Amino acid sequence: MYIRRILITAIILISIVSSSAYGEWHFGIGTGPSILKIDGDIGFHTNIEGPVKLPIDADPDDIMDVMDSAVGLSGYVTNDRWTFKAAYGSLDLEGSGDEGPVHLDLEFEMTGAEFTVGYAIYENPHLKLNLIGGIRYTEQEISVDLSTERSQLNRTIDNDWTDAVIGLSANVPVTPTLTWNTEMDAGFGGSEGTYTANTGLTWQFYKGWSGTLFYQYSAVDFENGTQGSQDWYLYDMNEQSLGLVILYNW
32 MYIRRILITA
42 IILISIVSSS
52 AYGEWHFGIG
62 TGPSILKIDG
72 DIGFHTNIEG
82 PVKLPIDADP
92 DDIMDVMDSA
102 VGLSGYVTND
112 RWTFKAAYGS
122 LDLEGSGDEG
132 PVHLDLEFEM
142 TGAEFTVGYA
152 IYENPHLKLN
162 LIGGIRYTEQ
172 EISVDLSTER
182 SQLNRTIDND
192 WTDAVIGLSA
202 NVPVTPTLTW
212 NTEMDAGFGG
222 SEGTYTANTG
232 LTWQFYKGWS
242 GTLFYQYSAV
252 DFENGTQGSQ
262 DWYLYDMNEQ
272 SLGLVILYNW
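Numbering-wise, the sequence shown is residues 32 to 281 according to the numbering used here.
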């Protein structure tokens, strides 16, 4: 429901600004494949064994082995001075692991939506800088089947949070059809802090079509409750992705 509200708000705002008289507006929408690497810790209260903190270190092959589904979609509206972006993504992983006497079967579902507004604060033929602000919503659901020598637990854990995001992006034209893009942002509010940096090359390979090869790093720190409380949940993770996005632009 919250994701739907974010996307509807983004569509309404984009519709309003795109009907204004300032400049010529351009649009784009796209998707594409990516590979993911994660490392960090996930923690939660088990009721039967108290708090459990699981170290996670999964490379792209590990992720592919346990991936059930993944979806991503992004779009933008710009008139060169203002840029509005909206993005949606979901990931579903299923796997198992052991931590001491504890055996765990786990399904992890993560869904996110983001809406940002960028304003050009500096521009010349060789560089464009944009100040960015927006919101980022994250929802995570873990289905746990946990067993020990003495007992067994089946539990579903739901958590979600919304961060206010602020950042800076830089676009550097390399050739008339090739642009180097870099963006950094920080988010606070619902989480203890999220930090994201990405860089990539965008190639306009055909009229109306472009492709972006990118690398992204995110550090996410979210904790609900305190260790030992019934509702304790920890997601302290470093996420790295390498991907290709194909955009249709008009």
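C-beta: ideal position from N, C-alpha, C; glycine also.
Remember, predicted model here, so these are calculated numbers, not experimental data.
Contact between the region 137 to 152 and the region 105 to 125 is present: three or more C-beta pairs spanning the two stretches fall below 8 Å. For D92, the enclosing alpha helix (DSSP H) stretches over residues 91 to 97. Residue state for K238 is assigned as coil, using DSSP reduced to three classes.
Put simply, the backbone Cα of S260 is about 15 Å away from that of F253. Using a Cβ distance threshold of 8 Å, I87 and L67 do not count as a contacting pair.
Its chain contains I166, G218, F219, G220 as the residues whose beta carbon lies nearer than 7 Å to that of A195, once the 5 sequence neighbours on both sides are disregarded; these appear in chain order. When the alpha-carbon of A228 is set against those of T243, Q247, W234, D267, the nearest one is in Q247.
Taken atom to atom, the span from the alpha-carbon of P82 to that of I163 is near 38 Å. Beta-bridge partners of G218 (DSSP): V196, T225.
For E214 against G198, the beta-carbon gap comes to about 6 Å, under 8 Å, which counts as contact. In terms of CA proximity to D99, L137 leads the group I69, W113, L137, T77. Comparing alpha carbon positions, the residue from L244, H134, L265, L124 closest to P91 is L124.
When only Cα atoms are considered, L158 and T208 end up about 15 Å apart. DSSP places P64 outside both helix and strand once states are collapsed to three, so it counts as coil. In this structure T179 is not in contact with N212, their Cβ atoms being roughly 49 Å apart against a cut-off of 8 Å. In the displayed model, H157 falls within coil according to three-state DSSP, outside both helix and strand.
Annotated as distal: G131 and T169, with beta-carbon spacing of 8 Å or more. Taking the C-beta atoms as reference points, D72 is found no nearer than 8 Å to N269.
Looking at F245, V97, L273, T109, the one whose alpha-carbon comes closest to that of N280 is T109.
In this structure S241 is buried. Its beta-carbon is surrounded by 16 or more other beta-carbon atoms within 10 angstroms.
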